Amino acid sequence: MVHLLGSTRLDRFFDTTAAQLRLAFAEFPQEQDFQAQYVPRDRVVCDLLRSGGRAEAAAALRQYLDDSERQVVDMVRAAAAARQN
Numbered sequence: 004m005v006h007l008l009g010s011t012r013l014d015r016f017f018d019t020t021a022a023q024l025r026l027a028f029a030e031f032p033q034e035q036d037f038q039a040q041y042v043p044r045d046r047v048v049c050d051l052l053r054s055g056g057r058a059e060a061a062a063a064l065r066q067y068l069d070d071s072e073r074q075v076v077d078m079v080r081a082a083a084a085a086r087q088n
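In this note's numbering, the protein residues as written are 4 to 88.
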């Protein structure tokens, strides 16, 4: 979706962020489980966009990003704590 905005600056920012997330996910043996739980939400956002529900898609995407950020941060903190023990 970021690429559709047509901004090279945002593309670079997103590419860097995605690379950092891939590094974070490498810490977790259950990465596929983590990713799989978001597939239904991906579908909802896609369906909303296809049906013209841009405001609803934006709200769903905001919640999606907030939830996934919180979960990734929690996972990284737990992995760091486990390494310290």
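Glycine is no exception: its CB is placed at the ideal position from the N, C-alpha and C atoms. Please read these numbers as outputs of a predicted model, since none were measured by experiment.
From the listed residues 74, 81, 5, 86, the smallest Cα separation to residue 41 is found for 74.
Runs of alpha helix (DSSP H) with 4 or more residues, each lying fully within the region 5-88, are found at 11-28, 34-39, 42-53, 57-87, listed in chain order.
If you draw a straight line from the Cα of residue 53 to the Cα of residue 88, it is about 48 Å long. Note that the C-beta distance between residue 63 and residue 48 is below 8 Å. Exposure of residue 85 is indicated by the presence of fewer than 16 other C-beta atoms within 10 angstroms of its C-beta. Nearest to residue 60 by C-alpha distance, out of 23, 72, 45, is 45.
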